[in-house]
Every structure is written in structure tokens, then in C-alpha cells.
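Scroll down for the structure; my scribbles are underneath it.
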Amino acid sequence: MTLRDLNIGECGKITAVGGTGALRQHFLDMGILPETEIQFVKAAPMGDPLEFTLHGYELTLRKDDAAHITIEKITELSKPVEKDSESIHHPGLGEGGIYHDDKHEKPLPDDTILSYALVGNQNCGKTTLFNRLTGSNQHVGNFPGVTVDRKDGVIIGYPNTSVTDLPGIYSMSPYTSEEIVSRNFVLDEKPKAIINIVDASNIERNLYLTMQLLEMEIPVVIALNMMDEVTGNGGSIDINKMESMLGVPVVPISANKNQGVDELIKHAIHIAHYQEKPLRQDFCDVEDNNGAVHRAIHSVIHIIQDHAEKAGIPVRFAASKIIEGDPLIVHKLELDVNEKEIIEHIVLQLQNERGLDRSAAIADMRFSFITRMCHQCVIKPKESKEHRRSEKLDKIFTGKFTAIPTFILIMIGIFYLTFNVIGAFFQGLLEKGIDKLTVLTDTALTKLDVNAALHSLVIDGIFSGVGSVLSFLPIIVTLFFFISMLEDSGYIARVAFVMDKLLRKIGLSGRSIVPMLIGFGCSVPAVMSTRTLPSERDRKMTILLTPFMSCSAKLPIYAFFVSQFFPGKGGFIMAGLYLLGIVTGVLVALVYRKTLFKGEAVPFVMELPNYRMPGAKNVLQLLWEKAKDFLVKAFSIILIATVCVWFLQSFDLHFNFVNDSSTSIMAKICGFLVPVFKPIGLGDWRIVVSLISGFMAKESVVSTISILFGEAGITNAISTLTASMILIFSLIYTPCVATIAAVKRELGAKWAISVVVFQCVLAWLLCFAFKPLLTMLGVS
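Numbering-wise (the working numbering), the sequence shown opens with residue 1188 and increments by one.
Here it is as C-alpha cells:
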């Protein structure tokens, strides 16, 4: 039978792992190996994907992928053999380890920059530790893939250091593009030391990466994170024993509570300065399965020794990767035909002796060592309160009949509170303050008899333009508050789990939901976060669909027109706009699937983290960052755009100050575009100018409209139908220049240009289709 044949609650022992390529290697790296015991926990509301427990953590797979894994049914999971508690002292939180390689120390010059790679699995606390080490304020979230690019900082108090926070990686066999960033940094940049952060509450899976890092011939210090959770649930880890078995310092820490971080820094500085390389890099046991893997690895080492040295790749690491069949390493070693043939004979012999294929044999060797070490060093904690709480919450958030309704209710609640209650309340207060300041400034300028043009610049330009945008800051901060709460709690990962089957119908994986949800905040990080997707096809398709998720920069446009033309209907209109954007994105995705991106989405393999209470510091940090970004944009890009628009609409071609803006430079320039927009009800040159300014920053649409339509107000100048067309066009047309730059960086100039052209054309067509429909519904 296969894994997909199990019923909820049933257990099995894996007998064979099918499939091919990078996905199968990824399965092996995640611990899906022959002899591994696994339990079926639950299915998503639509019956697919499925969640399983193995090696003490939860993993999701699709039914089709589970069908490639052969099992034999067992009654229950084997209970771990309890390690006897020993009265041996070993370091706890706040205490340093005792292990250092004093015999092989080779101190670097004192002025050497000590560079560190911060490496670990996804969602193990890397970014939290990075912030503790460097004092940075990088965003932290409770779902895989928060870090999608390298970030650099200096350890506090140690100016001659450099720490690089790398994207999460499960092994040195990269499966996704952001994992390649991590592997290439360690292989090519050759940092002076590695800080390997390990989730102590999920130690077996995390140590798989550790074993590969120890093969890199780079000094390593292991940070056992979340030790407070382990000890708090009755667990223990013999640090001294683990250090002696791994040959590197091991420091227990809690990055979230800032416990043990000082001790970690001391060890990190020591191993880097004295270049203490791991004393143990060979984990193949001579007695394990008659030494089949041991003989194979050491035979390959002799063959590739000179090639590895020439390529600058650690030979022990290269040998294991060659046996696995890693194409990147094979290419770098530049082996001749005879050498490749000899290695293939060695691999064939290994497979015959071991009864496993090449990749499974290497993965099994690593997990066998981890199992032996954990048996000697680890007293496993009882089920944590976080896990028990997660199981209870998942009955609602991933339940068959409750998951999707709950998600819809959560999103409706967020929009209602943002646009009708919390955000609206603070927006009203800020608007009153800006209005009073405008009146005071206007009065002062009048009393001082300031030049009319300068007076107009300050009041009609800066205050009307920037002030109108600034008033929407509370709405943006409120929306980001709720999004941050969802990210930090672990709920976003559940949304991916729940939505996978639905997204697969349009050719995407459930993992694509994360960039799309981020897109509701800002499209730039949403585009970057697609690096967590393992398939280039899925990544491109998700990037092209992300701009259809209405970003927070469009909120000022929506809020402005809704308050002016649809009073009392804010929540309904806002929800309708967001829904229209999503539906349009879905329809475009279906077209993409049949044309540019034929084929199926890649398998859905994702770890579900425990729910955690959102950290107040993380949430406040994110809100501050978003507020700061908005204010910087308001007083830079938007201010410059506002002044330019004011100038162009206040002077004619002879640079004379005009009272009628229809004779201005701007009116003349944009006059040729009016016929293009007239069929969709946007034939006023002032509206055309406003939409063009939105390419720089979407918030500029509101500031430009405020300047061009002046005190008379836009409600006296355009109809409700025209306002509806502006809303629809703003929803769909080209994203801002920052997003286009992000698309260019990820996909290239041709794709970036195509996004601009395609979305402008699509926005025009949607307006053309909706105009008669809204007219029939009585909107005029």
C-alpha cells in the first residue's frame, strides 16, 4: 500500500520512496526514508493536501505525491527509548559550553573581518537571532519563507564582524531558488565561520543540515534555539555529549527571550578568530550495514581529491554529493569520463550492498547517526502546550466545514475594522489635524502677503497633495497590524494548506498564497517572496499574478473615492474591489495556464509550524517600518510628484502663472491621451494626469487629484460613474515603478515591460465592460 491509502490516525512504516529528481531528494532530506515511521494526521478541507507526522514534526504532502511512497501498515508509532537521566553537569541557558579545539588553533590577525553565515532550517528563529546579534529590525514571521534574500549586519560590540542572515534551507541539496542563495554563499563566499541555528524542539530534522555543514571544513558553532520550550516541557539535552559527538561547540539559547545569546557570541568569536574547524566530518560508521556507505564515500574521496581541491570544494562534502548524484557538484568538479565511470561502479556496488538507491543510502546514513546521537544526548520533551493548542485551533482553522468560512470571516472582519472602525476613526482625527494646520498656514501666508505662486505651491500643492495622502496613514497601519498578526501567529501557513487544492485548479501551488497575501500589503516584498517557490514556472506565474492583489498603496485611492461618492458603504465597496482584483487574477491565471505556463503546479511540501502568540515587539516593529516607509515616500516621491504636477498645471508654455489649469502645460501634454481614455468615461485630462502620476507611487493619484480639482472638489466635477471607473482602472492598471523594478530584477526587462502594457490594456478593457453594466444598475 502507499501513504495515500492510510486513514486519519493510522500509522505506517515507509518501505520505498518513489519519484525522481530534486523533489525526491527533497523528500529524503526531510526524513522521508525507508524504515521511517509516519502517521496520517489530517486532510485539508477539500481532501488534499494531507498532513503527516514524522521525526517529531508535521509535514504536508499532496495525495499524488503520497502515492509514490510505499509503506507497510503498523498499529502505532514506536515510542522513543527514554534516555536515562544522568547526574552530569552540562550547560543550560545562560551558560557557555566547554568544548573548543585547542590543539589545532590557527589565530587570524586581529584586524581580520570575521564573517559569519547564519544558517538553519526554515522557521527555526534565524531572523530573530540575527536581530539579537546585530540590533537590526528585520521582519519576523511564523511561516516558512520569511527570509528570501541575504541580509548583512555587524555583531553588537564587535565592529570587525559581519553576519549574513541566509534564507532557510533544509539541506545542502537546494530545492528552491532561495535555498540556492544559502548554499552558494557557504560554498563560494567561504565565511570565516558558520552559526548553525537548530530548533531544539525539532532536533532530529534540524541536525540533518548540521551534518552537511560540518563537512564544509569551516568553523561551526551550533545554537540550540528554543531550549526554553524543551526544558519547559520536561525535556533535556546533554550539551557536553553532543559537543563531543559533533566536534564543535554547542550553545543552548532562546533567541526570542535573548537568553544564551551572549555566550553564543563569545563562542562564535573564538572559533572564527582561531579558525577551529569541526573535529568530526566523517559520520559514516564502519560497522553500519557492513560499512557499505563508508567504503563508497572513502573510495570516491580518493578519486576526486585533486578535483575538489582545484574547485575549492571540501572533499568529504563533494564525495557525498557525488554519490547522491548532485548535478551542481558534478559540474564543478570537471571529472573525466573514466573517473565518472569508476564512481558509477562504486555507487552501483553501494546500492547492491545497501539495498537502497544512492540518495536514500546517504540520507539514511545521516539520519542513522542523528538517531544514535539523540538516543545518547536527548531526553525528549512531553507534548508541548503550543502543540496541544495548535491541534485544538486547527479543528477550526483547517476543519473540513469551518476552514474556508473562517478565512472569509477573518478577512471581512479585517476590512470592516480597518475601513469602518479603527482605521476610519484615527483617519478622521488626522484629517482634522491636517485641516487645522492648513488653515493656520494659509492665514499666515495671507497676512505675510506671500507671492501668489508660492502661496499656491504651499497650500494647493504641498498641503492639498501630500496632506491628502498623509491622512490615509492610519488605514494602512491598521491593515498591516492585522496582516502582521496573521503572519506571526502561524495562520498564514494554514491558509496555504487549506487553499492548495483550490489554487491547483488555476495551475498554482498552495505556497503561492503566501506571496499573494503579502501582496495585499506591498507588491515589492510579495514579488521577492516568490523565491520560496521551488518551481520556476510557479514563480513566474505567481509574480505576474501578485499585482492583481490590491496593495496598501491603493488604499488612499479607494478610501478617497468611497468617502466622496459612496458614503456609508465603505466596507462593501472595498470588499468588492478586493474581490474583483482576486477574480481577475484567477481568470488571468487560467489564461496563463492554457498559454504561457502549461503544465501542473509543483508538489506541495510544507511544514506547518505551531501557533504562537504574536510577539508585541515584532508587530510594533513591522508597523513602525511600514509607517516609516509610507512617511518617507510621502515626503520624497509623492512630494516631488506633487510639486511637479502643481508646477505643470499652474503655468502655461510661456511660464506664465495661469488661473485656468485647462491652458496649462499639463493640459497640453496630456491632451493627446484623452481620446484613449474617453471611451471608458475618463476623458478629463486631469484624471489622465492623476493616473499617470500613480505609476511613480499609487498614493500620488489622490494628491494629484486634490491639486488639479482644487477647492471646488472632485464631487462637483465628475459623476459617480466616472468615480467607479477610476476605482476599477486603479485596481488593475500597472503597479508602481518599485514593483516593476522588482519584477525586472526577478524575471528580466521583457517581463517587466509586458506587465506594464498588459495590465494597462486589461484595466481599459475591464472599464469598457463595466461601464454599460453599471449604467444599467443605475450608477450615473
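By construction, the Cβ of each residue, glycine as well, lies at the ideal position given by its N, Cα and C atoms.
This one's a predicted model, so the numbers in the text were calculated from it and none came from an experiment.
Spatial neighbours of Val1341 in its chain, beta-carbon cut-off 8 Å, leaving aside the 5 residues before and after: Closer than 8 Å at Cβ, skipping near neighbours: Thr1321, Thr1348, Ser1349, Val1350.
contact_flag[the region 1381-1398, the region 1198-1212] where n(CB pairs < 8 Å) is 3 or more: Contact annotation: the region 1381-1398 does not touch the region 1198-1212, with fewer than three C-beta pairs closer than 8 Å.
Exposure label - Trp1811; buried when at least 16 CB within 10 Å: Trp1811 counts as exposed, since fewer than 16 other C-beta atoms from the protein chains shown sit within 10 angstroms of its C-beta.
N-terminal and C-terminal residue of the alpha helix (DSSP H) that Leu1690 is part of: Start and end: 1678-1691.
Presumed contact (8 Å Cβ cut-off) between Ile1913 and Leu1869, rounded CB distance: The C-beta distance from Ile1913 to Leu1869 rounds to 7 Å, short enough to fall under 8 Å.
Chain-order list of residues whose beta-carbon lies under 7 Å from that of Ala1981 (same chain, five-residue window excluded): Given that the chain is displayed from residue 1188 to residue 1967, the structure contains no residue 1981 and the question cannot be resolved.
Distance between Asp1647 and Asp1888 (C-alpha atoms, nearest Å): Here the sequence assigns Val to residue 1888, which means Asp is not the residue at that position. Rounded to the nearest whole angstrom, the CA to CA distance from Val1888 to Asp1647 is 15 Å.
For Cys1954, the three-state DSSP class (helix, strand or coil): In this structure, Cys1954 counts as helix in the three-state DSSP scheme.
Environment of Ile1256 [buried if 16+ CB atoms lie within 10 Å]: Buried is the call here.
Three-way DSSP call (helix, strand, coil) for Phe1588 in this model: Looking at Phe1588 - three-state DSSP - the assignment turns out to be coil, as it is neither helix nor strand.
Other residues of its chain near Gln1468: CB distance less than 6 Å, five sequence neighbours each side excluded: Correct list, in chain order: Leu1401, Glu1402, Arg1503.
Collapsed DSSP secondary structure at Pro1801 in the structure displayed: Reduced to three states, the DSSP call for Pro1801 is coil.
Nearest to Pro1439 (by Cα), restricted to the options Glu1245, Leu1316, Leu1774: Relative to the Cα of Pro1439, the nearest Cα in the group Glu1245, Leu1316, Leu1774 belongs to Leu1316.
Between the CA atoms of Pro1922 and Gly1755 - distance to the nearest angstrom: C-alpha separation (whole angstroms): 28 Å.
Residue range of the unbroken beta strand (DSSP E) whose run includes Cys1198: 1198-1204 is the span of the beta strand (DSSP E), which, as asked, contains Cys1198.
Whole-Å CB distance - Ile1730 paired with Leu1394, under 8 Å assumed: Contact between Ile1730 and Leu1394 is absent: CB atoms are separated by about 34 Å, not below the 8 Å threshold.
Phe1584 at chain B interface by Cβ criterion, 8 Å: Absent from the structure is chain B; it holds one protein chain and no more.
Three-state secondary structure (DSSP) of Asn1308: For Asn1308, the secondary structure class from DSSP, reduced to helix, strand or coil, is coil.
For Tyr1603, three-class secondary structure by DSSP: Helix, per DSSP.
Neighbourhood of Ile1405 by C-beta, 6 Å cutoff - its chain only, sequence neighbours within 5 removed: Spatial neighbours of Ile1405 in its own chain (CB-CB distance under 6 Å, excluding positions within 5 residues in sequence) are listed in chain order as Ile1381.
Test item: CB-CB of Gln1309 and Gly1355 under 8 Å: Yes, Cβ-Cβ distance for Gln1309 and Gly1355 is below 8 Å.
Cα-Cα separation between Leu1295 and Lys1497, rounded to whole angstroms: Taking the straight line from one Cα to the other gives about 24 Å.
Inter-stretch contact (C-beta, 8 Å, three-pair minimum) for the region 1442-1456 and the region 1595-1602: Judged by Cβ distances under 8 Å, the region 1442-1456 makes no contact with the region 1595-1602, as fewer than three pairs qualify.
The region 1622-1636 in contact with the region 1659-1671 per 3-pair CB rule at 8 Å: Taking a contact to require three or more Cβ pairs closer than 8 Å, the region 1622-1636 and the region 1659-1671 do not qualify as touching.
Thr1628, DSSP secondary structure in three states: Three-state DSSP puts Thr1628 in a helix.
C-beta contact flag for Ala1505 and Ile1491 at 8 Å: Taking 8 Å as the Cβ cut-off, Ala1505 and Ile1491 qualify as a contacting pair.
Rounded distance between the beta-carbons of Ile1557 and Glu1511, thought under 8 Å: Going by Cβ atoms, the distance from Glu1511 to Ile1557 rounds to 17 Å, so no, they are not a contact pair.
Straight-line gap, Phe1955 to Gly1858 (C-alpha atoms, nearest Å): Approximately 20 Å between the Cα atoms of the pair.
Host alpha helix (DSSP H) of Gly1706 (start-end): From DSSP, the alpha helix (DSSP H) with Gly1706 extends over 1700-1706.
Residues near Met1398 in its chain [Cβ-Cβ closer than 8 Å; skip 5 each side]: For Met1398, where only same-chain residues beyond five positions count, the Cβ hits under 8 Å are Phe1470, Arg1553, Phe1556, Ile1557.
Environment of Asn1194 [buried if 16+ CB atoms lie within 10 Å]: Counting the other Cβ atoms within 10 Å of the Cβ of Asn1194 gives fewer than 16, which makes it exposed.
Span separating the alpha-carbon of Met1188 from that of Ser1911: Approximately 57 Å between the Cα atoms of the pair.
Ala1803 classed as buried or exposed, judged by whether at least 16 other C-beta atoms fall within 10 angstroms: Exposed, by the Cβ-count rule.
Cut-off 6 Å between Cβ atoms - residues of its own chain near Gly1422, not counting five sequence neighbours on either side: Only residues of its own chain outside the window of five on either side were considered, and among them Ile1566, Lys1567, Pro1568 have a CB closer than 6 Å to the CB of Gly1422, listed in chain order.
Where Met1545 falls, given that 16 or more other Cβ within 10 Å makes a residue buried: It is worth fixing the name first, because residue 1545 is Arg in this sequence and not Met. When all chains shown are included, Arg1545 counts as buried.
Spatial distance of Ala1746 from Arg1698 (CA atoms): Roughly 31 Å separates the two Cα atoms.
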